[in-house]
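Here the structure comes first, spelled out in structure tokens, and everything after it is commentary.
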Amino acid sequence: MKLIIALSVLLAFVPDIQAKEVVCYIPTWDPKVAGVADTSLCTQFLISFGIPLPDGSIRYPDLTPFKRLRTPNSKLLLAIGGADWESAQNFPQLAANHRGGFAQNCLNIIRNEGLDGVDIDWEYPRENYPQDKTNFVLLMQELRNKFGSNYILSTAVATGPWRVEKSYDLAALTPLVNYFNLMAYDYHSDASWDQDWSQASAPHYGVYFNAPVNGPGDTVEKSFTVKHLMFQQVNLILEFHFMAEFIN
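What the sequence shown shows, in mature numbering (1 follows the signal peptide of the UniProt record, and there is no 0), is residues -19 to -1, 1 to 229, in sequence order.
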């Protein structure tokens, strides 16, 4: 029998070079979390998630329960996308054909709901469709053009080199976004792809020391913080929950 227990809040940290960001993901499927979250702990709260639709519109819930999280010391953003099938299917079409409408809809939501920006979580631009990589940059350019310097634009990105080179043009994205949120988690789970799960327990986020060859800590270090990006733009996302397996 397996029991998986997860907290609903993810935290992301940047190195303390100029300033520190603590980014908390707040789930839309459990608004009660927004009611109990300590606003003093985070500098950004990401409402997760709004769902992008193929025509560039965005489906999102009533944001009233989340608005208490916006304070003089904390920003409030809507994260759009996530690791769901619908978002993965819709992003390619809207990025190809409805970038302007999507960007305008994001701007309207920010203004109407009193937000500070959006986080784009496209999982993932498809490696077998190189136009996705190009269209992702064009989509982010459209958003930056709409936002100017008035609103935050961030994006959640994978860290493995097998994904990075095929899905992201990091050089083109860097001047467009305020932050890259590096998804340094879910490296170990009970999913069928994880051959190590039955052999040993391991953290599901990247730990650089004692990491396996080509493991998460190694790929985060080499693919991003050294090779491509400015430290000030990098938020390293770690999950502060655990997975427990009980063996009968």
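Idealized CB from N, CA, C, for every residue including glycine.
Keep in mind it's a predicted model, so treat the numbers as computed, not measured.
>> Checking 9 Å against the spacing of the C-beta atoms, do residue 97 and residue 151 come in under that value?
In response: Working through the sequence shown from its first residue, we reach residue 97 at position 116. Working through the sequence shown from its first residue, we reach residue 151 at position 170. In this structure, residue 151 does not lie closer than 9 Å to residue 97 by Cβ.
> Since residue 29 is in the beta strand (DSSP E), which residue starts that stretch and which ends it?
Replying inline: Looking up residue 29 in the sequence shown gives position 48. Element bounds for residue 29: 25 to 33.
> How is residue 145 classed by DSSP in three states: helix, strand or coil?
Replying inline: Counting from 1 along the sequence shown, the entry for residue 145 is found at position 164. If DSSP states are grouped into helix, strand and coil, residue 145 belongs with the helices.
> In angstroms, rounded to a whole number, what distance separates the CA positions of residue 77 and residue 40?
Replying inline: As a working mapping, residue 77 is identified with position 96 in the sequence shown. As a working mapping, residue 40 is identified with position 59 in the sequence shown. Inter-residue distance for residue 77 and residue 40 is about 19 Å (C-alpha atoms, whole angstroms).
> Nearest CA to the CA of residue 21: which residue from 117, 55, 109?
Replying inline: What you label residue 21 is simply residue 40 of the sequence shown in a count that begins at 1. Just measuring C-alpha positions, the residue of 117, 55, 109 sitting nearest residue 21 is 55.
> Helix, strand or coil for residue 113 per DSSP?
Replying inline: For the purposes of this step, residue 113 is taken as residue 132 along the sequence shown, with counting starting at 1. Three-state result, residue 113: helix.
> What do you reckon, are the CB atoms on residue 59 and residue 88 nearer than 9 Å?
Replying inline: Here residue 59 is taken as the residue at index 78 of the sequence shown, counted from 1. Here residue 88 is taken as the residue at index 107 of the sequence shown, counted from 1. At least 9 Å separates the beta-carbon of residue 59 from that of residue 88.
> Using a Cβ-Cβ cut-off of 7 Å (strictly less than) and excluding sequence neighbours within five positions of residue 118, which residues of its own chain qualify?
Replying inline: The residue given as residue 118 occupies position 137 in the sequence shown. Same-chain partners within the cutoff: 150, 153, 154.
> Given a threshold of 16 other Cβ atoms within 10 Å of its Cβ, counted over all protein chains shown, does residue 81 qualify as buried or as exposed?
Replying inline: Here residue 81 refers to the residue found at position 100 of the sequence shown. Residue 81 comes out exposed.
>> Can you give me the C-alpha to C-alpha distance between residue 110 and residue 141, rounded to a whole angstrom?
In response: Sequence index remark: in the sequence shown, residue 110 carries index 129 (1-based). Sequence index remark: in the sequence shown, residue 141 carries index 160 (1-based). The straight-line gap from Cα to Cα measures roughly 18 Å.
> With burial defined as no fewer than 16 other Cβ atoms inside 10 Å of the residue's Cβ, what is the status of residue 31: buried or exposed?
Replying inline: Working through the sequence shown from its first residue, we reach residue 31 at position 50. It counts as buried.
> Per DSSP, what kind of secondary structure is residue 215 in: helix, strand or coil?
Replying inline: Walking along the sequence shown from the start, residue 215 turns up at place 234. Strand, per DSSP.
> In the structure shown, what three-state DSSP assignment does residue 55 receive?
Replying inline: The count along the sequence shown starts at 1 and reaches residue 55 at position 74. Annotated three-state conformation of residue 55 is strand, per DSSP.
> Can you give the Cα-Cα distance for residue 84 and residue 163, rounded to whole angstroms?
Replying inline: In the sequence shown, counting from the first residue as 1, residue 84 sits at position 103. In the sequence shown, counting from the first residue as 1, residue 163 sits at position 182. Cα to Cα, the separation comes out at about 23 Å.
> What does DSSP give as the partner residues of residue 103 in its beta bridges?
Replying inline: For the purposes of this step, residue 103 is taken as residue 122 along the sequence shown, with counting starting at 1. Paired residue(s): 63.
>> Just list the residues that DSSP pairs residue 37 with in beta bridges.
In response: Locating residue 37 in the sequence shown gives position 56, where the first residue counts as 1. Beta-bridge analysis with DSSP links residue 37 to no other residue.
>> Quick check on residue 153: does DSSP put it in helix, strand or coil?
In response: The residue given as residue 153 occupies position 172 in the sequence shown. Per DSSP, reduced to three states, the secondary structure at residue 153 is helical.
> Rounded C-beta distance between residue 42 and residue 15? I'm assuming under 8 Å.
Replying inline: Sequence index remark: in the sequence shown, residue 42 carries index 61 (1-based). Sequence index remark: in the sequence shown, residue 15 carries index 34 (1-based). That belief does not hold up - the Cβ atoms of residue 42 and residue 15 are roughly 11 Å apart, past 8 Å.
>> Within 10 Å of its beta-carbon, does residue 156 have 16 or more other beta-carbons around it, so buried, or fewer, so exposed?
In response: Working through the sequence shown from its first residue, we reach residue 156 at position 175. If you draw a 10 Å sphere on the C-beta of residue 156, you find fewer than 16 other C-beta atoms in it, and that means exposed.
>> Which residue wins for smallest C-alpha separation from residue 139, given the options 90, 116, 108?
In response: Here residue 139 corresponds to residue number 158 of the sequence shown, with the count starting at 1. Of 90, 116, 108, the smallest CA-CA separation from residue 139 is found for 108.
> Which stretch, first to last residue, makes up the beta strand (DSSP E) that contains residue 137?
Replying inline: Residue mapping note: residue 137 aligns to position 156 of the sequence shown, counting from 1. That run of the beta strand (DSSP E) goes 133 to 138.
> Roughly how many angstroms separate the alpha carbons of residue 13 and residue 48, rounded to a whole number?
Replying inline: Here the question's residue 13 lines up with position 32 in the sequence shown. Here the question's residue 48 lines up with position 67 in the sequence shown. The alpha-carbon atoms of residue 13 and residue 48 are separated by roughly 12 Å.
>> If I follow the unbroken alpha helix (DSSP H) through residue 17, where does it start and stop?
In response: Residue numbering aside, residue 17 sits at position 36 when the sequence shown is read from its first letter. For residue 17, the enclosing alpha helix (DSSP H) has its first and last residue at 13 to 17.
>> Among the candidates 105, 52, 127, 38, whose CA atom is the shortest distance from the CA of residue 64?
In response: Translated into positions along the sequence shown, residue 64 becomes position 83. Taking only the C-alpha atoms, the option nearest residue 64 is 105.
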